[in-house]
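Working notes, structure below.
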Ligand code: SF4
Ligand code: SF4
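Residue numbers (our numbering): 78 to 237.
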């Protein structure tokens with residue numbers, strides 16, 4: 078089961094993984110972002126096992142993960158490279174390490190509009206444009222109380 082692992086619990090997780098991960102590489106072979114990652118999921122686990130947590134945290138890889146969860150799905154030994162990545166992202170922010178500017182924009186958009194991106198018109202091959210209405214799609218559902226939603230989101234972010 079996917080869960081967010083606090084960094085303080087990484088040691089516990091690592092010890093579990095030390096026994097569980099056999100470096101089979103199934104996570105890396107299924108990772109859609111693998112060719113863009115400096116470190117593939119198998120290597121992330123291997124580095125964390127060897128107490129190289131700081132090196133992984135300071136690498137770009139934690140921000141390049143596509144968060145698809147394939148590495149968890151494919152692992153035959155219930156290891157969770159994705160959880161390590163998320164825990165390291167949280168810790169990196171807490172420690173004031175740089176993180177992609179786009180993430181701040183994305184979060185602000187979710188807080189302000191309840192969505193990562195507002196619906197846009199799309200254009201087909203004949204350069205006809207369509208919006209949700211012309212495609213008979215229902216209006217986008219947003220949180221009923223955006224202020225309350227934004228405050229709840231802030232609280233989650235502070236506790237992560
Ligand atoms: S799939 Fe699982 S066991 Fe295999 S290398 Fe990746 S984390 Fe380790
Ligand atoms: S969650 Fe991240 S590391 Fe895991 S398979 Fe997807 S992109 Fe790769």
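We treat Cβ as the ideally placed atom computed from N, Cα and C, and that holds for glycine.
Is residue i buried or exposed, if buried means 16 or more other CB atoms sit within 10 Å of its CB?
| i | result |
| --- | --- |
| residue 168 | buried |
| residue 145 | exposed |
| residue 215 | exposed |
| residue 117 | buried |
Write down the C-beta distance between residue i and residue j rounded to the nearest angstrom, noting that I regard them as a contact closer than 8 Å.
| i | j | result |
| --- | --- | --- |
| residue 101 | residue 148 | That belief does not hold up - the Cβ atoms of residue 101 and residue 148 are roughly 12 Å apart, past 8 Å. |
| residue 231 | residue 174 | Not really, about 21 Å apart at Cβ, beyond 8 Å. |
| residue 209 | residue 196 | 5 Å |
| residue 191 | residue 226 | 6 Å |
| residue 154 | residue 99 | 6 Å |
Which residue comes first and which comes last in the alpha helix (DSSP H) that contains residue i?
| i | result |
| --- | --- |
| residue 161 | 158 to 171 |
| residue 113 | Here residue 113 belongs to no alpha helix (DSSP H), and DSSP marks it neither H nor E. |
| residue 216 | Unbroken run through residue 216: none, as it is neither H nor E. |
Using a threshold of 8 Å, state whether the C-beta atoms of residue i and residue j are closer than that.
| i | j | result |
| --- | --- | --- |
| residue 162 | residue 139 | yes |
| residue 165 | residue 122 | no |
Tell me, which residues are paired with residue i by DSSP?
| i | result |
| --- | --- |
| residue 206 | 200 |
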